[in-house]
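The block underneath contains the structure these notes are about, expressed in structure tokens.
Number of protein chains: 2
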Amino acid sequence: MTSTSAQPGRRSASMKDVAARAGVSVKTVSNVINGAHVGAATRERVQRAIADLGYRPNISARNLRRGRTGILALAVSEVDVPYFAELARLIVDTAEEHGYTILIDQTGGDPKREQYVIDGMGARLVDGIVFSPVAMDHLDIARRVDTTPLVLLGERVSAGTADHVAIDNVSAARTATAHLAGQGRRRIAAIGTQPSYEQSTSSMRESGYRAALKDAGLPVEESLIVSARQYHRRDGAEAAAYLTELENPPDALFCFNDTLALGAMRTLYDRGYRIPEDVAVVGFDDIDDGRYNVPSLTTISPDKAGIARSALRLLLDRIAAVDSPPREVTVSHELRVRESSGAGPRRHR
Amino acid sequence: MTSTSAQPGRRSASMKDVAARAGVSVKTVSNVINGAHVGAATRERVQRAIADLGYRPNISARNLRRGRTGILALAVSEVDVPYFAELARLIVDTAEEHGYTILIDQTGGDPKREQYVIDGMGARLVDGIVFSPVAMDHLDIARRVDTTPLVLLGERVSAGTADHVAIDNVSAARTATAHLAGQGRRRIAAIGTQPSYEQSTSSMRESGYRAALKDAGLPVEESLIVSARQYHRRDGAEAAAYLTELENPPDALFCFNDTLALGAMRTLYDRGYRIPEDVAVVGFDDIDDGRYNVPSLTTISPDKAGIARSALRLLLDRIAAVDSPPREVTVSHELRVRESSGAGPRRHR
DNA sequence: CGTGGGACTTCCATCGATGTAGTAATCGAT
DNA sequence: ATCGATTACTACATCGATGGAAGTCCCACG
């Protein structure tokens, strides 16, 4: 009684209010909204009532009834890592095309938080999860009891325990390293190994690196293989510092991602090395930074849009059919040769 | 009858199931979960039942009842823009500390999508919105009818129409430009103006730039003021290309953000200009890329963590008290002088 | 021994939208 | 005029959790 029609009052309008105003039942309002058969005149009346009251459906109620939320989670260690930022952008856009919204969870690589992710993120808040694990290995994931649809990014798990999207990391790393060897480089260092399990991304890249050296008839020198705690610029800079201090420094670097490479190049520059004349550098991920860097960075370019598309397709399929067998999707990649490994003449200096 | 205790069956357990298994009422289970007074023995029994069934509360139901969702939206044009990526990271972390999850909306700067954001994002899906507008001006925002708590980032709106967090853009731009003038630069260009309304971020930076030139007794030369459609590396590169082709090119660039500056520096390098000897460059935002770039980028460093913290505080306060008057928070910033404007000797070449 | 008050616990209504079943009205065909 | 088939709509139960009122039990106190 206290509220006039125009004034929305404190509480926002519900279907009941709309129904009352249009003189129909609540269900009819629901039908109008969901596009069921409703007479033209009635529909008209209901729509006017909706507009008048500024009615908007309550998502929580709808979700409760439908048993889904329309929200998917993207769980990565840090969203401001350029690779993840670019991927997040694509995934958010792709999800939107499918009527889903993306919620971001940042694990920081913390095992507890990653466990929380594979346990379905606490409450039934999301319909599915796209997850790029750092600390969890495929055994942890095989052990999981939660049934929230889950798609893994970025590593190849042999026995399918979950849906999974990745590029062929071994082959990509091999291509990158072979490219350096093909340029006549003989002491090719690797930056970015991690004390991780066998199927991890870093292990795959390392084995591609080793394979390429062998292909090229080059010896594997363990002192040229450097680990990185994280994959940030700082870690690349530190690794490069270590390498330049070796008695016999490398003439090329294969970095397991672009930020490591950018950090390493900064150190090389500071210490007077010319790139690529003295040291050639190849990265991995093809982030935007590398394209504009001086020198521009040669890198492995994964089909990021393909990763986003595949991940969502797998996830939506699984939401539709929880029991189907897990699938593996391998997305293409290519080597983008730029200045840091000697593409074209450096223009000045 | 068909389900044994261990087998979770198809549908996941609800409070009713837990209650039945523990031999108590549903409300008692609720009380256990929400930490109300419950006898020790009963609590014990309920907790065992919860563990046995792997029960987890249904968020939708809880939200329906409580009238909130525990989700906040972060709406930006593109999450892979480094500044937004870094901000997103901080906001996600800060929100988590307050028990909220962040959902990402990418507007792409599209007016329709931005309108959708200030209209509360469709359904009552989020409890509040942190929004960095591109196309919407303060008039659009003043016109809004939706009441979803909203905090604006990144521009100063004179008459408080909404809560708002920003740095003092005029003063920051003035400091940056003054720094270049102080280095003896006489032809200082600006990159990044936009055909926008008066209170927009780009307008504020432009007016700071003009003020600093005036302070330094330098003429404002309109041909040295270049617009940028977006704030990406590409746009900076194009602007720099234009500037170097002038009859009388600039000896310094003040770029309205760091990515513009990085793109511009790439072009300068390609055309044989030395930085900072021939052209000094200053950016804005202090993104990680700039610190490791060669040369490292002098920039205005806004207190990003402070922005994240303030934005969330304003938003949570508003959620608690919808009717309180809008507040403006100004966050600090500082000039970080690095190599691109002549800090320290460049070490090689 | 009766009683008042904690301390727990249960019962019931409720949040807002939707599925199901059922009623009323309309139409074409017989 | 009658019947079955549509069509258009309504009434009601329901999803799962929570707030509030009411009930039960036990024990101390007069």
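Here the protein sequences line up with chains A and B, keeping their order. Taking the working numbering, I'd label the letters of the first sequence as residues 5 to 353. Taking the working numbering, I'd label the letters of the second sequence as residues 5 to 353. Even for Gly, the Cβ is constructed at its ideal location relative to N, Cα and C. If you're wondering where the values come from, they're calculated on a predicted model, not measured in any experiment.
Stretch pair the stretch 233-249 of chain B + the stretch 189-207 of chain B: three plus CB contacts closer than 8 Å: yes
Does the CB of Ser361 (chain A) have a neighbour CB from chain B at under 9 Å? Because chain A spans 5 through 353 in this model, residue 361 (chain A) falls outside it and cannot be assessed.
Assuming Leu156 (chain B) and Asp167 (chain B) make a contact with CB atoms under 8 Å, what is their CB distance in whole Å? Residue 156 (chain B) sits at position 152 when you count from the first residue of the second sequence. Residue 167 (chain B) sits at position 163 when you count from the first residue of the second sequence. So it is a contact: roughly 7 Å between Cβ atoms.
Proximity of Thr111 (chain A) and Leu76 (chain A) at Cβ, strictly below 9 Å: Working through the first sequence from its first residue, we reach residue 111 (chain A) at position 107. Working through the first sequence from its first residue, we reach residue 76 (chain A) at position 72. Not a contact, by the Cβ cut-off of 9 Å.
Just checking: is the beta-carbon of Val121 (chain B) within a distance shorter than 9 Å of some beta-carbon in chain A? In the second sequence, the residue the question calls residue 121 (chain B) occupies position 117. No, no contact with chain A.
Could you compute how far the alpha carbon of Ala17 (chain A) sits from the alpha carbon of Ala325 (chain B)? Here residue 17 (chain A) corresponds to residue number 13 of the first sequence, with the count starting at 1. Here residue 325 (chain B) corresponds to residue number 321 of the second sequence, with the count starting at 1. When rounded, the distance between both Cα atoms is 20 Å.
By alpha-carbon positions, which one of B:Val80, B:Tyr273, B:His337, B:Ala241 ends up nearest to Val230 (chain B)? On the second sequence, position 226 is the one that residue 230 (chain B) refers to. Of the listed residues, the one whose Cα sits closest to Val230 (chain B) is B:Ala241.
With a threshold of 7 Å on Cβ separation, who are the neighbours of Ile54 (chain B) within its own chain once the five nearest residues in sequence on each side are excluded? In the second sequence, the residue the question calls residue 54 (chain B) occupies position 50. So the list reads Val22, once near-sequence residues are dropped.
Suppose you measure from the CA of Thr205 (chain A) to the CA of Asn173 (chain A); what does that come to, to the nearest Å? One-based indexing of the first sequence puts residue 205 (chain A) at position 201. One-based indexing of the first sequence puts residue 173 (chain A) at position 169. Spanning the two alpha carbons is a distance of roughly 7 Å.
Would you kindly check if the distance between the Cβ of Asp262 (chain B) and the Cβ of Asp282 (chain B) is under 9 Å? Indexing the second sequence from 1 puts residue 282 (chain B) at position 278. Indexing the second sequence from 1 puts residue 262 (chain B) at position 258. It is not a contact, given that the beta carbons lie outside the stated cut-off.
Closest to Gly221 (chain A) by CA distance: which of A:Arg190, A:Ser227, A:Arg233 is it? Taking the first sequence and counting its residues from 1, the one referred to as residue 221 (chain A) is at position 217. For Gly221 (chain A), the nearest C-alpha among the options comes from A:Arg190.
Hey, is the stretch 118-135 of chain A in contact with the stretch 289-305 of chain A, meaning 3+ C-beta pairs nearer than 8 Å? no
Less than 9 Å between CB atoms is the rule here; does Arg270 (chain B) satisfy it with respect to chain A? By one-based count along the second sequence, residue 270 (chain B) stands at place 266. Chain A, which has a Cβ nearer than 9 Å to the Cβ of Arg270 (chain B), makes this yes.
Could you pull out every residue in the same chain whose Cβ sits closer than 8 Å to the Cβ of Pro61 (chain A), ignoring the five residues on either side in sequence? For the purposes of this step, residue 61 (chain A) is taken as the residue at position 57 of the first sequence. Cβ neighbours of Pro61 (chain A) beyond the five flanking positions: Met19, Ile37.
Using a 10 Å radius around the Cβ and a threshold of 16 neighbouring Cβ atoms, would you call Gly103 (chain A) buried or exposed? Within the first sequence, the letter at position 99 stands for residue 103 (chain A). Exposed, because fewer than 16 other Cβ atoms sit within 10 Å of the Cβ of Gly103 (chain A).
Using a beta-carbon distance below 9 Å, is Gly346 (chain B) in contact with chain A? One-based indexing of the second sequence puts residue 346 (chain B) at position 342. Not closer than 9 Å to any Cβ of chain A, the Cβ of Gly346 (chain B) fails to qualify, so no.
Work out the CA separation of Asp289 (chain B) and Tyr87 (chain B) for me, nearest whole Å. As a first step, residue 87 (chain B) must be located in the second sequence, where it is residue number 83. As a first step, residue 289 (chain B) must be located in the second sequence, where it is residue number 285. Approximately 7 Å between the Cα atoms of the pair.
What are the partner residues of Thr302 (chain A), as DSSP defines its beta bridges? Stepping through the first sequence from its first residue, residue 302 (chain A) is reached at position 298. Its beta-bridge partners are A:Val286.
CA-to-CA distance, Glu338 (chain A) to Ala139 (chain A), given in whole angstroms: For the purposes of this step, residue 139 (chain A) is taken as the residue at position 135 of the first sequence. For the purposes of this step, residue 338 (chain A) is taken as the residue at position 334 of the first sequence. Roughly 27 Å separates the two Cα atoms.
Please confirm whether Gly289 (chain A) has its beta-carbon closer than 9 Å to some beta-carbon of chain B. The residue given as residue 289 (chain A) occupies position 285 in the first sequence. One point to set straight first is that residue 289 (chain A) is Asp, not Gly, in the sequence displayed. No, because no Cβ of chain B sits closer than 9 Å to the Cβ of Asp289 (chain A).
Which runs of the beta strand (DSSP E) at least 3 residues long sit entirely within the stretch 201-271 of chain B? Give them in chain order. 229-231, 256-259
Could you say if the stretch 88-97 of chain A and the stretch 308-315 of chain A meet the contact criterion of at least three C-beta pairs nearer than 8 Å? yes
What's the C-alpha gap between Asp56 (chain B) and Ile122 (chain A)? In the second sequence, counting from the first residue as 1, residue 56 (chain B) sits at position 52. In the first sequence, counting from the first residue as 1, residue 122 (chain A) sits at position 118. When rounded, the distance between both Cα atoms is 19 Å.
Gly113 (chain A) versus Arg147 (chain A): straight-line alpha-carbon distance, rounded: Within the first sequence, numbered from 1, the residue matching residue 113 (chain A) stands at position 109. Within the first sequence, numbered from 1, the residue matching residue 147 (chain A) stands at position 143. Taking the straight line joining both Cα atoms gives about 19 Å.
Would you say Arg52 (chain B) faces chain A, with C-beta separation under 9 Å as the test? Within the second sequence, numbered from 1, the residue matching residue 52 (chain B) stands at position 48. No, its Cβ sits nowhere closer than 9 Å to a Cβ of chain A.
For a contact defined as C-beta to C-beta under 7 Å, what are the partners of Leu266 (chain B) on chain A? Here the question's residue 266 (chain B) lines up with position 262 in the second sequence. Tyr296, listed in chain order.
Which residues in chain B have a C-beta closer than 7 Å to the C-beta of Asn67 (chain A)? List them in chain order. Here residue 67 (chain A) corresponds to residue number 63 of the first sequence, with the count starting at 1. What Asn67 (chain A) touches in chain B: Ser64.
Nearest chain B C-beta to Ser16 (chain A) closer than 9 Å, yes or no? To locate residue 16 (chain A), count along the first sequence from 1; it is residue 12. True, the Cβ-Cβ gap to chain B drops below 9 Å.
Tell me, which residues are paired with Val130 (chain B) by DSSP? On the second sequence, position 126 is the one that residue 130 (chain B) refers to. Answer by DSSP bridge pairing: none, since Val130 (chain B) is not bridged.
In the DSSP assignment, what are the bridge partners of Glu332 (chain A)? By 1-based counting over the first sequence, the position of residue 332 (chain A) is 328. BP columns for Glu332 (chain A) point to A:His168.
Can you have a look at Thr302 (chain B) and say buried or exposed, based on whether 16 or more other CB atoms are within 10 angstroms of its CB? One-based indexing of the second sequence puts residue 302 (chain B) at position 298. So Thr302 (chain B) ends up on the buried side.
Consult DSSP for Ile108 (chain B) and reduce its assignment to one of helix, strand or coil. Indexing the second sequence from 1 puts residue 108 (chain B) at position 104. In the structure shown, Ile108 (chain B) sits in a strand (DSSP, three-state: E or B).
Residues that Leu157 (chain B) bridges to, as DSSP identifies them: Position 153 of the second sequence, counting from 1, holds the residue named residue 157 (chain B). B:Val169.
In the DSSP assignment, what residue or residues form a beta bridge with Thr197 (chain A)? Numbered from its first residue, the first sequence carries residue 197 (chain A) at position 193. Thr197 (chain A) pairs with A:Ser231.
Where Pro349 (chain B) falls: helix, strand or coil (DSSP): Working through the second sequence from its first residue, we reach residue 349 (chain B) at position 345. With a pLDDT of 45 at Pro349 (chain B), under the threshold of 50, the modelled position of this residue cannot be trusted, and the question is left open.
Please look up how many angstroms separate the CB atoms of Arg331 (chain A) and Leu318 (chain A), rounded, as I've assumed it's under 8 Å. For this step, residue 331 (chain A) is matched to residue 327 along the first sequence. For this step, residue 318 (chain A) is matched to residue 314 along the first sequence. The pair is a contact, with the Cβ atoms about 6 Å apart (cut-off 8 Å).
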